[in-house]
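Asks:
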Amino acid sequence: MQDIQALKDYLNTPKKIVITTHANPDADALGSSLGLHHFLVQFGHKVTTIVPNSYPDFLEWMPGNHLVVNYEKSQDVADALINDADLLFCLDFSGFGRIKRMKEVASNTPAKIALVDHHLNPEIIPDFNFWNDKSAATAELIYDLINNYSGKDSINQDIAECLYAGIMTDTGSFKHPSTTSKIHRTVAELIDLGADVNKVSRFIYDTNSLERLRFLGHALAQKLEVDEIARVAYFIIEEGDFKDFRLKQGDTEGLVNYALSIKGIAVAAIIIEREKEIKLSFRSIGDFAVNKFAEEYFNGGGHKNAAGGSSDLSLKETEQKFKDLIEKDILNTRIK
Ligand code: 5GP
Ligand code: MN
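Take any residue in the sequence shown, note its place counting from 1, add 1, and you have its number in my numbering.
#1: When the Cα of HIS120 is compared with those of LEU142, LYS104, ASN109 and LYS101, which residue comes out closest?
#2: In angstroms, rounded to a whole number, what distance separates the CA positions of ASP242 and PHE216?
#3: For LYS113 versus ASP128, is the C-beta distance shorter than 7 Å?
#4: Whole angstroms are fine: how far does the CA of ASP145 sit from the CA of THR208?
#5: Using a Cβ-based criterion (distance less than 6 Å to any ligand heavy atom), does THR139 qualify as near the ligand MN?
#6: Would you call the CB atoms of ALA267 and ARG284 closer than 7 Å?
#7: Tell me whether the beta-carbon of ASP4 lies closer than 7 Å to the beta-carbon of ASN130.
#8: Can you check whether the CB of GLY167 is closer than 7 Å to the CB of ALA137?
#9: Between the segment 75-93 and the segment 228-236, do at least 3 Cβ pairs fall closer than 8 Å?
#10: Can you give me the start and stop residues for the beta strand (DSSP E) that VAL227 sits inside?
#11: Using 6 Å as the cut-off, classify the Cβ of GLY302 as near or not near the heavy atoms of the ligand 5GP, replying yes or no.
#12: Using a Cβ-Cβ cutoff of less than 6 Å, which residues in the same chain neighbour GLY195 once the five nearest sequence positions on both sides are dropped?
#13: Tell me which residues share the same chain as GLY65 and place their Cβ nearer than 8 Å to its Cβ, disregarding the 5 neighbours each side in the sequence.
#14: Considering only C-alpha positions, which residue in the set LEU68, TRP62, ASP58 and ALA30 is nearest to VAL42?
#15: Where are the beta strand (DSSP E) runs, 3 residues long or more, that stay fully inside the segment 242-284, in chain order?
#16: Assuming VAL48 is part of the beta strand (DSSP E), what are its boundary residues?
#17: Applying the criterion that 16 or more other CB atoms from any shown protein chain within 10 Å of the CB defines a buried residue, is GLY32 buried or exposed?
#18: Tell me the rounded alpha-carbon separation between SER262 and LEU116.
#19: Between the alpha carbons of ASN1 and HIS304, how many angstroms are there, rounded?
#20: Grab the span of the alpha helix (DSSP H) containing ILE1 for me, first residue to last.
#21: May I ask which residues mark the beginning and end of the alpha helix (DSSP H) holding ALA30?
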């Protein structure tokens, strides 16, 4: 939190602030953005949260959801706000490639930039830096930022629930290796400050549509490939599956974890055919760094044990490329 005093000095008069986060926002992206949003408005700043594209229904409960500007739907309004801003907060991403079509306007804005993120190898060079790859979630960094800025009493129930959602999901419900005692102390504070943990987890995890559950059964029965020698398991999801099961954005979230949960499996993937591109998610247990793998072969990145990327090839070609890489890269790395 080395730049906290500089940020406080800069924000000592009301400013025009835009908060943004990565495309296909998840609970940490949206929760940290809205948590920070609710904090900053308390000081009289004009704050707008802009997302590059839409997010799943199960995040719409978040306080402030109705205030969020979707760049894909309101590009002109969003461009004007970004060009006119004094300060642009970049949350939960650290390379402008992660904000898709917003890249152009965001990377050219005259606004100062504050970076709050926990992904490896940051590309953005900010004026105010709150990057820390040891953090479990950007929401944890926002908690620390607020705590250092004006103390935890500035955290109301809305902020507490947004931040709790980000920490809960980015730690895999307090299961990932990133789950430190500090994380537990942080969420304990958030609960004391009003976060209703049962409400948040119900909204995020227990709001399945029947179609989504039927799809889960279908995917587990028909779509899961396992290579026991390489210790890799992966799903291939076609566009037709989205139509057959009337899936919505976010309905494939978490599926990859079922592949990783198979006893003996060390690397898991899901390859999803989307309208405009093929999206890949990777997970691993132990040493195999999926962020490096995603970066090298699929134009992506992320964390050592959870990463993602994309492919411009067809679904079949992407699957073949991945299968070849299992032999060439994943198996070799393990045998070494
Ligand atoms: P998920 O698989 O849940 O979409 O993402 C897992 C992790 O990888 C997250 O930290 C996410 O930010 C990162 N990630 C996902 N997709 C991409 C991508 O296309 N590029 C980069 N650089 N990171 C990604
Ligand atoms: Mn995150």
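All C-beta atoms in this analysis are idealised placements derived from N, C-alpha and C, irrespective of residue type, glycine included.
Replies: Well, looking at it:
#1: LEU142
#2: 8 Å
#3: Cβ distance < 7 Å, so LYS113 and ASP128 count as in contact.
#4: 30 Å
#5: yes
#6: no
#7: Note that the C-beta distance between ASP4 and ASN130 is below 7 Å.
#8: Contact flag unset, no.
#9: no
#10: Start and end: 225-228.
#11: yes
#12: Within its own chain, the residues whose Cβ lies closer than 6 Å to the Cβ of GLY195, once the five positions on either side in sequence are excluded, are GLN158 and ALA161, listed in chain order.
#13: LEU35, HIS38, HIS39, THR50, ASP159 and CYS163
#14: LEU68
#15: Complete beta strand (DSSP E) runs here, min 3: 268-274.
#16: Boundaries of the beta strand (DSSP E) harbouring VAL48: 47-52, taken from the DSSP string.
#17: Result: buried.
#18: A straight-line Cα-Cα distance of about 34 Å links SER262 and LEU116.
#19: No information on residue 1 is available, as it lies outside the stretch 2 to 337 that the chain covers here.
#20: No answer is possible for residue 1: the residues shown for the chain start at 2 and end at 337.
#21: 28-42
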